[in-house]
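Residue numbering for the sequence shown follows the working numbering, beginning at 1 and increasing consecutively. Below you'll find the structure, written out as structure tokens, and then a few comments.
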Amino acid sequence: MKNSQSSNPYPQSLILVRHGESTANVARHNAEAGNLLTIDFPERETDVPLSKFGENQSLKLGNWFTLQPEKPSAIVCSPYLRATETARIISETASFEDTKIASDERIRERELGIFDRLTKTGAMEKFPEECAKRELVGKFYHRPPDGESWADVALRVRSFWRDLRETYAGERVLIVTHEVVIRIFRYILENLTEAEILAIDRACDVENCAVTSYHFDGDRHKMILNLDNHLS
């Protein structure tokens, strides 16, 4: 671990990984396929585990890491179980035993508030006025009651990024997190507009266990995108 006195004030490289498929991802897919109003899973959001397929995705990604020329020198993950399980399986499979896994609540999943565990159909039926407000304001700035907007997530990711630069300057950092957090990293690192990041979001989902990576360009003094939503 290095400090802010490093000659490189950024991480040398940054690898962002969405956690493997979770049991809640499966429940959401089944609920939407069945045109149901609610998404049924027993755990609280923090404790949702990986599905068996998600475990296999994480194992496959760990094998992908073994083929890369350089391994991460630091790993940071969301404290949510599906992210910590993904980070653990990757680390064990790729033999990153000497690399400690740290967690940070600032890269947790976006909080959905009153829309939590509702399908789109369920949200529109139960909270039509709030859905109309979301359409008017746009999803980047709309904050559901008791929840977070994308802009709220950006505030905590900016704080995390400042600390990451200071703590892991010059290092190769692997971050295991969630879909919206990865979108917000792109928004911040590439200095995108609201319209640009939402266009990227509309084009495709961030796949489970997909890799988005950056390297530091000293000449331009910025992080440069290498891989985007890459599946191993």
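Where a beta carbon is used, it is the ideal one built from N, C-alpha and C, also for glycine. From a predicted model like this one, the values you see are computed outputs, not experimental measurements.
Taking all protein chains shown into account, do 16 or more other C-beta atoms lie within 10 angstroms of the C-beta of S4, making it buried, or fewer, making it exposed? Residue mapping note: residue 4 aligns to position 4 of the sequence shown, counting from 1. Because the pLDDT at S4 is just 42, under 50, the model does not fix this residue reliably, and the value given afterwards should be weighed accordingly. Exposed, because fewer than 16 other Cβ atoms sit within 10 Å of the Cβ of S4.
Pairwise C-alpha distance: L198 and R134: Indexing the sequence shown from 1 puts residue 134 at position 134. Indexing the sequence shown from 1 puts residue 198 at position 198. Looking at the two C-alpha atoms, the distance is approximately 14 Å.
Three or more C-beta pairs under 8 Å: does that hold for the region 138 to 154 against the region 193 to 212? yes
My assumption, with CB atoms under 8 Å, is that F131 sits in contact with S103. Please give the rounded CB distance. On the sequence shown, residue 131 is found 131 positions in, with the first residue counted as 1. On the sequence shown, residue 103 is found 103 positions in, with the first residue counted as 1. The question names Phe, yet the displayed sequence has Cys at residue 131. Actually they do not touch by this definition, with Cβ atoms about 33 Å apart.
Quick check on T86: buried or exposed, where buried means 16 or more other Cβ atoms within 10 Å of its Cβ? For the purposes of this step, residue 86 is identified with residue 86 of the sequence shown, where counting begins at 1. Classification for T86: buried.
Does the region 66 to 74 come close enough to the region 31 to 50 that 3 or more CB-CB pairs lie under 8 Å? no
Going by the C-beta, is F65 closer than 7 Å to any heavy atom of the ligand MN? The ligand MN is absent from the structure shown, which contains no ligand whatsoever.
Distance, N229 Cα to G62 Cα: The count along the sequence shown starts at 1 and reaches residue 62 at position 62. The count along the sequence shown starts at 1 and reaches residue 229 at position 229. Going by the C-alpha atoms only, they are around 16 Å apart.
What is the residue span of the alpha helix (DSSP H) that N30 lies within? As a working mapping, residue 30 is identified with position 30 in the sequence shown. Note, N30: alpha helix (DSSP H), T23 to A33.
Classify R220 as buried or exposed, calling it buried when 16 or more other Cβ atoms lie within 10 Å of its own Cβ. Counting from one through the sequence shown, the residue named residue 220 turns up at place 220. Answer is exposed; the Cβ neighbour count stays below 16.
Does R202 come out as helix, strand or coil in the three-state DSSP assignment? Locating residue 202 in the sequence shown gives position 202, counting from the first residue. Reduced to three states, the DSSP call for R202 is helix.
Could you give the DSSP three-state label for S213: helix, strand or coil? Here residue 213 is taken as the residue at index 213 of the sequence shown, counted from 1. In this structure, S213 counts as strand in the three-state DSSP scheme.
Thinking C-beta only, is T119 closer than 8 Å to L225? In the sequence shown, counting from the first residue as 1, residue 225 sits at position 225. In the sequence shown, counting from the first residue as 1, residue 119 sits at position 119. Contact: no.
Under 8 Å between the Cβ atoms of V157 and R106? The residue labelled residue 157 in the question sits at position 157 within the sequence shown. The residue labelled residue 106 in the question sits at position 106 within the sequence shown. Yes, the pair counts as a contact, with Cβ atoms nearer than the cut-off.
Backbone CA spacing between A123 and F115 [nearest angstrom]: Here residue 123 corresponds to residue number 123 of the sequence shown, with the count starting at 1. Here residue 115 corresponds to residue number 115 of the sequence shown, with the count starting at 1. Going from the Cα of A123 to the Cα of F115 covers about 6 Å.
Any idea which residues DSSP pairs T38 with across the strands? Position 38 of the sequence shown, counted from the first residue, corresponds to residue 38. The partner list for T38 (beta bridge, DSSP) reads L118.
Which of the three DSSP states, helix, strand or coil, is assigned to D228? Here residue 228 refers to the residue found at position 228 of the sequence shown. Looking at D228 - three-state DSSP - the assignment turns out to be strand.
Between the region 26 to 40 and the region 183 to 192, can you find at least three pairs of beta-carbon atoms closer than 8 Å? no
In whole angstroms, what is the alpha-carbon distance linking L155 and E179? As a working note, residue 155 is residue 155 in the sequence shown. As a working note, residue 179 is residue 179 in the sequence shown. For L155 and E179, the distance between alpha carbons rounds to 16 Å.
Euclidean distance between Cα positions of L233 and R117: A query on residue 233 cannot be resolved here, the shown segment of the chain reaching from 1 to 232 and no further.
Exposed or buried, what is R141 when buried is set at 16 or more other beta-carbons lying within 10 Å of its beta-carbon? If you number the sequence shown from 1, residue 141 lands on position 141. It is worth fixing the name first, because residue 141 is Tyr in this sequence and not Arg. It counts as exposed.
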